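>
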Amino acid sequence: MKTIYFYDVNTKSFMYSDFIKDEVEIPLNATTIPPEADGRGMYDPTWDGEKWVELSESDWIAKHKNDKQEPANPSDTDFTLDHNTVDQLKLMVGNLISENAKKDQSIKQLQTMTGSLVAQIAELNKGGN
């Protein structure tokens, strides 16, 4: 699985991110380069064909100074995931659970081996004194 970042075909403005399988071709209006590669947020990121560029803070404030400011009401938020996204997330969670179980088993085996080696060393030290 890889993350892709969609942008509007006309404005090149960032729209949303999604997951696709590694073998799936990246859509023409998407990239694998994250808008916030350095871990910080961006003001209105837009895709220039090679990288994401942002407005300066002052330009962003000027652009949005007349935007209507209303507190978010969770009941007004229409957040839905399509079935494909939900299925992909379930697959990812299942894979992570499986990987964790394998790692837990490896840790238990290493703990057992370590205990056995400590016992062998102690036994050898007894015989050497």
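Each residue of the sequence shown is one higher than the one before, counting from 1 in the UniProt record's numbering. Note that beta-carbon positions come from the ideal geometry of N, C-alpha and C, so glycine has one too. Predicted, not measured: the structure shown is a model, and the values here were computed from it.
Would a C-beta distance cut-off of 9 Å place residue 88 and residue 1 closer than the cut-off?
yes
> Would residue 148 and residue 7 qualify as a contact pair, given that the criterion is a beta-carbon distance under 9 Å?
Summary: the structure shown does not reach residue 148, with the chain confined to residues 1 through 129, and so no result is reported for it.
> Which ranges does the alpha helix (DSSP H) cover as unbroken runs of at least 4 residues, wholly within the segment 12-91, from first to last along the chain?
57-64
> So, residue 47 versus residue 103, is the Cβ gap smaller than 9 Å?
no
> Would you mind stating whether residue 4 and residue 18 have Cβ atoms separated by less than 9 Å?
Going by C-beta atoms, residue 4 is nearer than 9 Å to residue 18.
> Please name the residue, chosen from 20, 52, 44 and 25, that lies closest to residue 34 on a Cα-to-Cα basis.
Of 20, 52, 44 and 25, the residue nearest in Cα terms is 52.
> Sort out for me which residues DSSP pairs residue 4 with in a bridge.
18
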